[in-house]
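Let me begin by presenting the structure, written as structure tokens, before commenting on it.
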């Protein structure tokens with residue numbers, strides 16, 4: 003199973019399917035790897051034995067929105083952009099989705115990372131770890 007699919011992408015940004023591309027699965031897979039790595043760096047490696055991290059122990063649905071936003075700003079919209087400042091709606095959207103990704107990531111860390119530590123298929127309350135992601139805004 004994946005953190006996000008084309009169906010999820012269509013829910014948040016249906017307009018990307020109007021650009022002549024019907025399948026963004028490779029970009030979603032790249033974003034999933036990025037999201038998993040960021041979870042590992044910002045949370046798991048700081049509080050757990052880094053050698054024991056297993057991506058499949060995360061609750062995939064918790065990271066769907068973050069994965070879609072990451073795919074949009076890091077992989078999909080740059081492919082659609084002309085990179086010309088005048089009249090490039092994809093560049094404006096890129097900034098928008100990058101900000102949504104950061105917000106969503108902070109929300110999920112504040113709610114708590116669901117991680118099935120004992121691998122029993124159920125995430126108990128003891129397996130939800132909350133972490134404050136305080137940002138410094140300048």
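Residue numbers (this note's numbering): 3 to 140. Virtual Cβ for every residue (Gly too), placed ideally from N, Cα, C. Note that the structure is predicted; figures quoted are calculated from it, not measured.
Going by beta carbons, residue 115 and residue 43 fall outside the 8 Å limit. Look at the stretch 12–41 and you find no whole run of beta strand (DSSP E) that is 3 residues long or longer. By the criterion of a C-beta distance shorter than 7 Å, residue 71 is surrounded in its chain by 99, 102, 103, 106, once the five residues flanking it on both sides are discounted. In the three-state scheme derived from DSSP, where H, G and I count as helix and E and B as strand, residue 129 is classed as helix. The shortest C-alpha to C-alpha distance from residue 4 to any of 51, 69, 76 is the one to 69. Nearest C-alpha to residue 38 among 123, 6, 75: 6. Membership of residue 101 in the alpha helix (DSSP H) is indicated by the continuous run 91–113. In this structure the stretch 75–90 does not touch the stretch 49–61; the number of beta carbon pairs closer than 8 Å is below three. The Cβ atoms of residue 78 and residue 29 lie closer than 8 Å to each other.
Its chain contains 12 as the residues whose beta carbon lies nearer than 7 Å to that of residue 19, once the 5 sequence neighbours on both sides are disregarded; these appear in chain order.
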